Each structure stands twice: as structure tokens, then as C-alpha cells.
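In my numbering, the protein residues as written are 145 to 692.
Beta carbons: idealized from backbone N, C-alpha and C, even for Gly.
Just so it is clear, the structure is predicted and the values come from calculations on it, not from any experiment.
Below you can see the structure in the form of C-alpha cells.
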């Protein structure tokens, strides 16, 4: 399927009229030309002077037939409807834009060798534009990032609507699977050959797994060159590169310049100053409900390990046995700020990726588009468009929390988790705010005295590799392995799966969901598949603060 997006600039004072006219016209889209699968129009909250037309076609031939039609040419001319065609351009994406968020697409200009993000001021001729679903795909095709719109500084989407195996492989790559491993190793974890894995990536993403990982490392490094004063060598190893030679070669290939030259190009406002530690921006696609995320983290904060104070979330971590501290707060409408206090900077990219997953920063626009029209979930999405499915810093820690909440109320669960950290967690000296422990590892909890039996059995299974929390198992396999342990119910297993990023997890037995949907919650939720996790998050969010 081919998707085309047309940003159309509106004349002054004609926004409301143009939107009304186009919305009336939109339902007629599929009948305009044979092969047009759908036709929609959306308002981009970040570009109020534009409307975005999204059309889906069976193939390129259907698109060519449509764009040569009289109806199409009348639409983009727009002389009597308040539309100006002077600044339209076409891009493509496998994600649909919805009123609840934005879609990042990339258009590359063959005459300049540059690719851009939506909203860039460049206005190339349409016949010179190639379109890509991922920045990595544009780079693999030989295009470099635009110096004006700097696409590496935004939160690029993940391929959520690709097959599950591809999505799972992407998550493993983000988690560092290709940091030291190979494509063959990644394929074995997923039960397929490296050749088949590469074929799937080429078909659905337009890149190989290695190219996808390389692009993420390069973009992270470029942001660090802009935001920090770390040396080039420190940036290289913090971004996951194995050597300075590899780092320099990759940056030249992706950005057509050396790392030192790229740093000299940074803008004055890019550099972040931090009172101790290292400051970094966490790009996020607006809208993002930071208040709700912060309230969720505060409600489950483990005493001694996590704390929320004045709009800032703080937590202790360990890196290869060395203690560290993370502090996160709102930075702007399109980013959060992270201040990291770590024993070393090598592999920092993996710390940041775990923070992104914990905060749910990688939005799934396909999910919001699918759920927006549902009579139950749709109004909740409209009320809170920035609500995301929260993740977890530590999978084992999140599993213990899910089990504790199955058997205790919120206060009792926090007391149990705090006691485990206090009695068995490594000590972190010198911090204020009551943070002085790191949550213990599975092997420690499994052999500790006084641990509730379900928690002890879970810890032993994780330590022995009988339960894998790294995303290798699919949802059914993960839930089956968890519920095989006495004392772990289906709802607790699905709560953990939600926090591990399983998009179709749904804790149907949760009392709040039963109260909201009745005893047939599973049947009601069938219409929300495969994005039941987002639906459940909205249904469970009544106690969280509303955004201002």
C-alpha cells in the first residue's frame, strides 16, 4: 500500500472555511479514482496554517492516475476554497496522521541528495521527490539530513504497523541487541535466519537491521554533539560505536562531515548546561501528557529507589555494578530533559533508550488512529490525546511490582517493594531526597529470606532464564510463562506485559477494567486489537491528573 501526504497552506482567514469544505469532500475520495483506498484530511496542531491530506493507494499506478485527474487538480489549485498550492509537497509513510498526534515522514530530493522532515521550508518540485518511511531508509539510499530542519532532532516513529516479528526485532535492536551481537544472533533470538530477517526489514522498513541500528547511533551522536560538551571520543563510545574510526566513518557517510565539523555547526541554543551530571534532550512527538506520566511514576515509586519532587522524577540505577542517578523533567512541548549522573558515559545510548521506553515516548499513531472512532475509547483519546502506555526501567522490578499489586493495595505494594530494596538492594551513598538504594537483582531476591513465595518463584525463574523479559517471547508466551507460577494471575501478567511494551496486552481481570466494561471485558476489547494496551491505559487513567 502507498500513502501520500499533502500539506496544503491556507490563505489568511480561510482556515475554518477550508477545513469544513475539505472535510465534506473527504468521504468522496475513495470513489474519485480506481485504486484509491482512503482519503482523509487532518489538522496539524504544530502547523495551524496547513491542512494535511492523507490518501492511500493500492500502488504507484493508482496514485499516478489519481494525481492526473481533474478533481485532484481542482483540489490543489484551490483558488475559490482558500487553499494555496504554492507550498505543497508529497511525502509518504506507513503511519496515518490522526487528530491525536503527528506523523513524521521523510521526503528526499534527488537533485540535492538531501532528505527533510515535514514542515521544512524547502519546496522542491514534486517530480524530484522520493519518499521514505524512516530516516534510516533515506540514509541507506544515499541521502543526508537537511541542515535547516535537522530531522535527527525529532522523535522519529517506530514501525508499529509492520509484522510483529519486525516490531519485536526493532525493539531488541533499540535495547542494544546489535551493540555487540550480529544480525545472525538477533535472528536466532527470534527463531529465524539472518537472511530472512534482512528480507523482512527490507520489505517493511527499507533498511537492514544493521542500517537501522547505525542510523539510530548516528542520530544520537549528532544530538550529543549539539547538546553536550563531551569530547568527540566520549560521544563516540556513548553512542554505541566500537571505535573512533567506525564513528568517524559513519558520521561522514550519514552527515557528510566529520564529528568536529558537525559540532562547530551547532546552534547557540542547542548547548545544555547542567549543574553536575550530563544534560540531554529527549525528543517527543507532541502532545505528550507529562503530568499523567509523572503521576503514574509517583503512585508506584519505590521508597529509596524512586522519587517525584516538584515536577522532577528521580531514580537510582546501576551500570555494570556502578551506581548512577537519573533526573527527568519537562523541557518543552516537544522534549523532556534528562540529567544523568553515571560512573562512565560508554553505552549512554542504551540508558537513554531505556528511559524513553519507561516514559512511553515512542508513540504509536496507528493505535490512536484505530481507536479514535471507538465509542468507548474514542472520547477518552480525545480528552487526553497525550496519554501514553507507561513502560519500565527494569523488567524484573516491574514484574515484582505487578505481583505485589495483585496481592496488596497500593500502599502495601510500595511497602513490600521498599522493604526488598532496603534489605537486599545495593547501597548508593551520597544522594539526597531519601534515595539510597538500587532495586536488587533477580538472583538476589530468589535466595533472600522473608520474600513472598510468588515473588521468590518469579525471581528464580527469571534468574534461571525460564522467564524471558527481554522481548524475545511474544505476548502469549510471556503470559503463559508468568501464569505458570502459582500466585501470578492473568491480570498481573498482562500488567507486566503492558509495561514491557506489548501493545496488545490487556489485564481484563483488573477490577477497574471490570467496573468500566463489565464481566465481558475480553469480548468488548476484541475491537481494540492489536492495541488493547493503549485502550486499557486510558480506561485505567481516571485517577491521573488532567492536562491543563
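Tell me residue 458's beta-bridge partners as DSSP assigns them. Residue numbering aside, residue 458 sits at position 314 when the chain shown is read from its first letter. The partner list for residue 458 (beta bridge, DSSP) reads 451, 471.
contact_flag[the region 403 to 411, the region 367 to 385] where n(CB pairs < 8 Å) is 3 or more: yes
To the nearest whole angstrom, what separates the beta carbons of residue 640 and residue 543, a pair I think is in contact under 8 Å? For this step, residue 640 is matched to residue 496 along the chain shown. For this step, residue 543 is matched to residue 399 along the chain shown. Confirmed, about 5 Å.
So what's residue 446 in DSSP terms, helix, strand or just coil? Within the chain shown, the letter at position 302 stands for residue 446. Note: residue 446 maps to coil in three-state DSSP.
Scan the region 365 to 429 and note each continuous alpha helix (DSSP H) run of 4 residues or more that stays entirely inside, going in chain order. 376 to 382, 388 to 399, 403 to 408
If you draw a straight line from the C-alpha of residue 356 to the C-alpha of residue 261, how long is it? Residue 356 sits at position 212 when you count from the first residue of the chain shown. Residue 261 sits at position 117 when you count from the first residue of the chain shown. Straight-line Cα distance between these residues: approximately 17 Å.
Would residue 680 and residue 644 qualify as a contact pair, given that the criterion is a beta-carbon distance under 8 Å? Numbered from its first residue, the chain shown carries residue 680 at position 536. Numbered from its first residue, the chain shown carries residue 644 at position 500. No.
Identify which residue in 326, 567, 375 has its Cα closest to the Cα of residue 352. As a working mapping, residue 352 is identified with position 208 in the chain shown. Selected option, being the one with the closest Cα: 326.
Environment of residue 603 [buried if 16+ CB atoms lie within 10 Å]: Translated into the one-based positions of the chain shown, residue 603 becomes position 459. Residue 603 comes out buried.
Counting pairs of beta carbons, one from the region 381 to 391 and one from the region 310 to 317, are three or more of them closer than 8 Å? no
Which residue or residues does DSSP assign as beta-bridge partners of residue 251? Here residue 251 is taken as the residue at index 107 of the chain shown, counted from 1. Its beta-bridge partners are 260, 275.
Across the region 482 to 501 and the region 421 to 438, are there enough close Cβ pairs to call them in contact, namely three or more that are closer than 8 Å? Verdict: yes, contact present.
Which of helix, strand or coil does DSSP assign to residue 572? Within the chain shown, residue 572 is the residue found at index 428, counting from 1. In this structure, residue 572 counts as coil in the three-state DSSP scheme.
Can you grab the Cα-Cα spacing for the pair residue 585 / residue 631, in whole Å? The sequence position of residue 585 within the chain shown is 441, counting from 1. The sequence position of residue 631 within the chain shown is 487, counting from 1. Whole-angstrom Cα-Cα distance: 20 Å.
Let's see if you can read the secondary structure: which residues bound the alpha helix (DSSP H) around residue 500? Sequence index remark: in the chain shown, residue 500 carries index 356 (1-based). Its alpha helix (DSSP H) spans residues 492 to 503.
Hey, quick one: how far does the beta strand (DSSP E) through residue 485 stretch, first residue to last? Against the chain shown, residue 485 aligns to sequence position 341. Residues 479 to 485.
I'd like to know if the region 568 to 582 and the region 455 to 472 are in contact, where contact means that at least 3 CB-CB pairs between them fall below 8 Å. yes
Is residue 508 buried or exposed, if buried means 16 or more other CB atoms sit within 10 Å of its CB? To locate residue 508, count along the chain shown from 1; it is residue 364. Buried.
How would you write the range of the alpha helix (DSSP H) that residue 639 sits in, first residue to last? In the chain shown, the residue the question calls residue 639 occupies position 495. Run containing residue 639: 634 to 643, per the alpha helix (DSSP H) assignment.
Of all the options 456, 495, 494, which has the alpha carbon lying nearest to the alpha carbon of residue 481? Within the chain shown, residue 481 is the residue found at index 337, counting from 1. Cα-wise, what sits closest to residue 481 is 456.
Provide the residue span of the alpha helix (DSSP H) that contains residue 684, from first to last. In the chain shown, counting from the first residue as 1, residue 684 sits at position 540. From DSSP, residue 684 is part of no alpha helix (DSSP H); its letter is neither H nor E.
Per DSSP, residue 701 is paired with what? This structure leaves residue 701 out entirely; the chain is present only between 145 and 692.
Of the choices 281, 275, 286, 320, whose alpha-carbon is the least far from that of residue 498? The residue labelled residue 498 in the question sits at position 354 within the chain shown. Checked all of 281, 275, 286, 320; the closest Cα to residue 498 is 320.
If the criterion is Cβ atoms closer than 8 Å, does the pair residue 648 and residue 675 meet it? Taking the chain shown and counting its residues from 1, one reaches residue 648 at position 504. Taking the chain shown and counting its residues from 1, one reaches residue 675 at position 531. Yes. Within cutoff.
Using a Cβ-Cβ cutoff of less than 8 Å, which residues in the same chain neighbour residue 317 once the five nearest sequence positions on both sides are dropped? In the chain shown, counting from the first residue as 1, residue 317 sits at position 173. Here the set comprises 330, 353, 356, 357, 360.
Flag this pair as yes or no: are the beta carbons of residue 515 and residue 522 separated by less than 8 Å? Within the chain shown, the letter at position 371 stands for residue 515. Within the chain shown, the letter at position 378 stands for residue 522. Cβ atoms of residue 515 and residue 522: closer than 8 Å.
Are the beta-carbon atoms belonging to residue 549 and residue 448 less than 8 Å from one another? Here residue 549 refers to the residue found at position 405 of the chain shown. Here residue 448 refers to the residue found at position 304 of the chain shown. In this structure, residue 448 does not lie closer than 8 Å to residue 549 by Cβ.
Distance check for residue 478 and residue 263, CA to CA, integer angstroms please. Position 119 of the chain shown, counting from 1, holds the residue named residue 263. Position 334 of the chain shown, counting from 1, holds the residue named residue 478. Cα to Cα, the separation comes out at about 15 Å.
Decide if residue 589 is buried, meaning its Cβ has at least 16 other Cβ atoms within 10 Å, or exposed. Position 445 of the chain shown holds residue 589. The residue is buried, with at least 16 neighbouring Cβ atoms inside 10 Å.
Buried or exposed by the 16-neighbour rule on C-beta atoms within 10 Å, applied to residue 545: The residue you call residue 545 lines up with position 401 of the chain shown. Counting Cβ neighbours within 10 Å, residue 545 comes out buried, since at least 16 surround it.
Start and end of the alpha helix (DSSP H) containing residue 310? Mapped onto the chain shown, residue 310 falls at position 166. Residue 310 -> alpha helix (DSSP H) spans 308 to 318.
Residue range of the unbroken alpha helix (DSSP H) whose run includes residue 550: Counting from one through the chain shown, the residue named residue 550 turns up at place 406. Per DSSP, residue 550 belongs to the alpha helix (DSSP H) from 539 to 551.
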